[in-house]
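Quick note, the sequence shown lines up with residues 52 to 241 if you use the working numbering.
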Amino acid sequence: MKASLLTRSVFLSLTLLPLAHADDISSSIEEGLTAYNNHDLKAAKQALDYASQLIAQQSATALSGLMPEPLAEWTAEEASTEGTSAMGLLGGGIQVSRTYTNSAGNTVEMQITADSPLLAQWMPMLANPAMAATMGKVTKIGKTLVLQGNDEQLTMIVANRFMVTVNGSATMDEKMTYAKALDQGKLEAL
């Protein structure tokens, strides 16, 4: 009898252990599902919206980690992030930016926008070299088309999911160096 009780106790503790360590995202999704099953649509939406915000925060943190390190003789601020709530006016998505400054005071700002409906507007323009050429010079970094805009801004779409812009007071060569420093392979893997 004691062995059977001990076996059941160990079994229950091992099966319930993952539930005890469930993260906030899983908990919110489960809460939303429970509310939905109870026909409480308002509570279900709130719980799922919260889970969505937490996922956006995790994605923004991952994107922040992909920002290039400062080049020699440059410094960089910490990457700043905007989640879906701040991007709401732009249709949603995630935005991460980082500013780099050299000793002369020139700056480069790199922004990565992810999962935004705005990408749908940019992709056809960059995919069509004739159309892109009306907005500036078209070049490539690896397999990715880069628009060097007449406004001295670089714009590129990576993996049909990320829009990367590089601008600032630095020279176009310095901006291009930062654009090339972005690890597109790691970005595509997110």
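Heads up, the beta-carbon is just placed ideally off N, CA and C, and yes, glycines get one too. Just so we're clear, the structure is a prediction, and the values are computed from it rather than from any experiment.
- Three or more Cβ pairs drawn from the region 140 to 159 and the region 218 to 228 lie within less than 8 Å of each other, which places the two stretches in contact.
- Assignment of Ser131 by DSSP, reduced to helix, strand and coil, places it in the strand class.
- Leu196 carries a strand assignment under DSSP once its states are collapsed to helix, strand and coil.
- Note on the region 150 to 210: whole alpha helix (DSSP H) runs with a minimum of 4 residues are 170 to 178 and 180 to 184, in chain order.
- Relative to the Cα of Ala178, the nearest Cα in the group Thr164, Val197, Leu169 and Gly193 belongs to Val197.
- Take the alpha-carbon of Lys231 and the one of Gly144: they are about 24 Å apart.
- A straight line joining the alpha-carbon of Gly83 with that of Ala184 spans about 48 Å.
- Here Ser220 carries a coil assignment [DSSP, helix/strand/coil].
- Pairing Leu205 with Leu117 gives a Cβ-Cβ distance that is not under 8 Å.
- DSSP, reduced to helix, strand and coil, places Met227 within a helical segment of the structure shown.
- For Ala102, the enclosing alpha helix (DSSP H) has its first and last residue at Leu92 to Ser115.
- The Cβ atoms of Leu122 and Thr190 lie no closer than 8 Å to each other.
- Annotation: the continuous alpha helix (DSSP H) that includes Asp75 extends over Asp75 to Asn88.
- When beta bridges are read from the DSSP output, Met214 appears opposite Thr164 and Ile208.
- Ranked by Cα distance from Gly193, the first of Ser78, Asp234, Ser103 and Ile106 is Asp234.
- In the DSSP assignment, Glu239 falls within the unbroken alpha helix (DSSP H) covering Gln235 to Ala240.
- Put simply, of Ala95, Asp91, Asp75 and Ser115 the residue whose alpha carbon is nearest the alpha carbon of Thr164 is Ser115.
- Out of Ser167, Ile80 and Ile208, the CA that lies nearest to the CA of Ala95 is found in Ile80.
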